[in-house]
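Working notes, beginning with the structure itself.
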DNA sequence: GCCGTTCAGTGACGATGTCACCAAGTGGAA
DNA sequence: TTCCACTTGGTGACATCGTCACTGAACGGC
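Protein chains in written order, with the working numbering: chain Y, 698 to 918; chain P, 698 to 918.
See below:
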């Protein structure tokens with residue numbers, strides 16, 4: 698039983714008894730890349746705390762269009778799961794493992810017990826909750842008021858994780874921004890013409906990140 | 698001390714001791730129409746449960762543009778307040794009393810106590826929480842993928858509360874949808890030409906709601 | 001009535017979304 | 001290997017939406 702709790706700063710102040718119960722009654726699970734962890738209409742059975750990997754949460758509309766809402770990274774819990782667990786409701790969006798994922802699975806009953814017994818656990822859960830709501834507000838503001846070229850530049854910088862390269866099709870980038878593929882194609886074409894990126898099928902190389910950053914910094918100007 | 702608890706279906710199953718503590722330690726307050734109840738950067742002191750009236754929660758961008766996120770009606774609690782209370786963070790949006798409001802104010806300390814002691818109270822709070830997240834997802838999907846004429850028709854139907862009339866400027870309707878005033882002016886002009894509405898300064902009369910509903914029903918077609 | 005302010009209407013144009021279609025790249029099957 | 005189906009990306013035409021500049025009407029205080 699590894700002491701994974703140290704990986705979650707918010708859980709370091711957990712009361713010893715609660716901490717013990719948490720490690721005893723939860724399991725560490727592995728989920729392969731690409732797995733649909735939850736989807737609309739499904740009922741959540743466990744709260745997941747991510748140890749390794751990344752989960753993408755997205756909304757899928759009737760017309761088949763997709764938009765990425767947020768990502769859950771290592772050290773975080775999934776807010777949507779929390780909401781559904783607490784309200785005893787089904788999921789309204791979809792969660793997909795973007796990488797291989799290792800996570801702590803806390804069964805619903807144990808979660809209820811921890812929430813009621815531990816102030817520290819509640820703080821951990823609901824701090825994440827609040828941040829996520831703020832994130833969603835930001836997503837709404839961006840979609841409503843921000844130009845796509847600026848948002849695309851920001852997203853490229855955001856998705857580049859030191860690799861200076863992004864593995865994604867134009868269609869996937871469109872889903873990130875909630876726009877159409879053609880728009881992404883044209884904007885990336887423009888970025889390439891300016892020498893900021895180089896494209897090949899399925900990958901985008903960031904050549905001049907500073908250039909992208911200048912555009913991204915224009916923000917709500 | 699009136700027994701306002703009966704106005705909240707979710708609180709009817711409250712444990713007697715908890716119920717007693719709640720009525721003793723909270724106060725009923727009155728807030729006049731137009732009051733800014735909370736705003737960005739403010740720290741929440743009380744959780745409000747609305748007895749009467751309506752609160753509008755909206756995001757205000759740097760450029761001064763506004764977008765309505767959701768409304769809190771009688772019988773509901775404000776999710777954003779809950780989030781901020783639990784996470785000990787400041788507000789990221791703005792709440793305005795759209796009507797005169799009567800509400801139960803639960804101090805932060807009492808809220809923490811109730812959340813930890815009562816399963817029923819937690820369910821009450823977090824069911825609202827989950828619904829609101831789902832609402833926000835819907836707002837995102839609408840802004841990203843839905844045509845404005847359809848959204849405007851839906852909003853007109855939504856805001857008409859039996860009065861067959863809406864008191865709002867074009868600017869305010871634009872904020873409801875996160876679009877520009879000019880767009881609303883043109884769409885409402887088109888609606889009027891079709892005989893669905895009649896306009897005068899500051900008010901919109903819904904003449905043919907069935908017509909609006911036909912348009913609104915097109916949805917993600 | 002006068003006047004400043006708010007509200008609504010409009011044309012022009014740029015930005016974005018939609019549709020239709022084509023070309024190139026990719027990988028599996030014959 | 002060649003062939004073929006599928007995925008990915010590129011592009012023009014057009015519709016919708018957002019922005020800008022400006023106008024005039026309606027309203028409220030004086």
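Just so you know, even glycine gets a beta-carbon here, dropped at the ideal spot from N, CA and C.
So, is the C-beta of residue i closer than 8 Å to a C-beta in chain Y?
i, result
"residue 780(P)", "yes"
"residue 762(P)", "yes"
"residue 709(P)", "no"
"residue 882(P)", "no"
"residue 767(P)", "no"
"residue 645(P)", "Beyond the ends of chain P as shown, which are 698 and 918, falls residue 645(P); an answer cannot be given."
"residue 719(P)", "no"
"residue 833(P)", "yes"
When you compare the CB of residue i with every CB in chain P, is at least one pair closer than 8 Å?
i, result
"residue 836(Y)", "yes"
"residue 735(Y)", "no"
"residue 952(Y)", "Any question about residue 952(Y) goes unanswered here, given that chain Y covers just 698 to 918."
"residue 851(Y)", "no"
"residue 791(Y)", "no"
"residue 841(Y)", "yes"
"residue 784(Y)", "yes"
"residue 773(Y)", "no"
"residue 723(Y)", "no"
"residue 777(Y)", "yes"
"residue 830(Y)", "yes"
For residue i, count the other beta carbons within 10 Å of its own beta carbon; 16 or more makes it buried, fewer makes it exposed. Which is it?
i, result
"residue 873(P)", "buried"
"residue 785(Y)", "exposed"
"residue 740(P)", "exposed"
"residue 798(P)", "buried"
"residue 879(P)", "exposed"
"residue 914(P)", "exposed"
"residue 733(P)", "exposed"
"residue 815(Y)", "buried"
"residue 861(P)", "exposed"
"residue 712(Y)", "exposed"
"residue 871(P)", "buried"
"residue 887(P)", "exposed"
"residue 898(Y)", "exposed"
"residue 657(P)", "Because chain P is modelled from 698 through 918, residue 657(P) falls outside the range shown and cannot be assessed."
"residue 779(P)", "buried"
"residue 907(P)", "exposed"
Going by DSSP, what residues sit across from residue i in a beta bridge?
i, result
"residue 856(Y)", "Paired residues: none, contrary to the question."
"residue 978(P)", "Within the shown structure, residues of chain P are numbered from 698 to 918, placing residue 978(P) beyond reach of any answer."
"residue 824(Y)", "Bridge partners of residue 824(Y): none, in fact."
"residue 700(Y)", "For residue 700(Y), which the question treats as bridged, DSSP gives no partner whatsoever."
"residue 842(Y)", "Answer is none; residue 842(Y) lacks a bridge partner."
"residue 768(Y)", "753(Y)"
"residue 792(P)", "735(P) and 754(P)"
"residue 763(P)", "757(P)"
"residue 728(P)", "798(P)"
"residue 901(P)", "863(P) and 896(P)"
"residue 803(Y)", "744(Y)"
"residue 774(Y)", "746(Y)"
Examine the ligand SAM and report whether any of its heavy atoms sits within less than 7 Å of the Cβ of residue i.
i, result
"residue 843(Y)", "The ligand SAM is absent from the structure shown, which contains no ligands of any kind."
- Query: Would you say the segment 725-742 of chain P touches the segment 796-816 of chain P, given that touching needs at least three Cβ pairs under 8 Å?
  - Reply: The answer is yes - the segment 796-816 of chain P touches the segment 725-742 of chain P, with three or more Cβ pairs under 8 Å.
- Message: Tell me which residues of the segment 795-823 of chain Y have at least one Cβ-Cβ distance to chain P shorter than 9 Å, keeping chain order.
- Response: Of all residues in the segment 795-823 of chain Y, only 809, 812, 813, 814, 815, 816, 819, 820, 822 and 823 come within less than 9 Å of chain P when Cβ atoms are compared, listed by chain position.
- Query: Using 8 Å as the threshold, is the segment 835-849 of chain Y in touch with the segment 750-759 of chain Y, meaning 3 or more CB pairs across them?
  - Reply: The segment 835-849 of chain Y is not in contact with the segment 750-759 of chain Y.
- Query: Between the segment 728-745 of chain P and the segment 781-796 of chain P, do three or more beta carbon pairs fall short of 8 Å?
  - Reply: Contact holds: three or more Cβ-Cβ distances are below 8 Å.
- Message: I'd like to know if the segment 806-816 of chain P and the segment 828-838 of chain P are in contact, where contact means that at least 3 CB-CB pairs between them fall below 8 Å.
- Response: Using a C-beta cut-off of 8 Å, the segment 806-816 of chain P makes no contact with the segment 828-838 of chain P, since fewer than three inter-stretch Cβ pairs fall below that distance.
- Message: Under 7 Å, CB to CB, which of the residues in the segment 885-908 of chain Y have a partner in chain P?
- Response: Among the residues of the segment 885-908 of chain Y, none has a Cβ less than 7 Å away from any Cβ of chain P.
- Query: Contact between the segment 847-862 of chain Y and the segment 741-755 of chain Y: three or more CB pairs below 8 Å?
  - Reply: Using a Cβ-Cβ distance cut-off of 8 Å, the segment 847-862 of chain Y and the segment 741-755 of chain Y are not in contact, since fewer than three pairs of beta carbons, one from each stretch, lie closer than that value.
- Message: Can you confirm whether the segment 862-871 of chain P touches the segment 814-825 of chain Y when touching is taken to mean that 3 or more C-beta pairs between the two stretches lie within less than 8 Å?
- Response: No, they do not touch.
- Short-range partners of chain P found in the segment 862-874 of chain Y, where Cβ spacing is below 7 Å: Listed in chain order, the positions of the segment 862-874 of chain Y with a beta carbon within less than 7 Å of a beta carbon of chain P would be empty, since no residue qualifies.
- Meets three-Cβ-pair contact criterion under 8 Å: the segment 883-893 of chain P and the segment 854-864 of chain P: Two segments are said to touch when three or more pairs of C-beta atoms, one from each, lie closer than 8 Å; by this definition the segment 883-893 of chain P does not touch the segment 854-864 of chain P.
- Item | Any 3 or more C-beta pairs closer than 8 Å across the segment 745-756 of chain P and the segment 764-782 of chain P | Here the segment 745-756 of chain P lies against the segment 764-782 of chain P, with 3 or more beta-carbon pairs under 8 Å apart.
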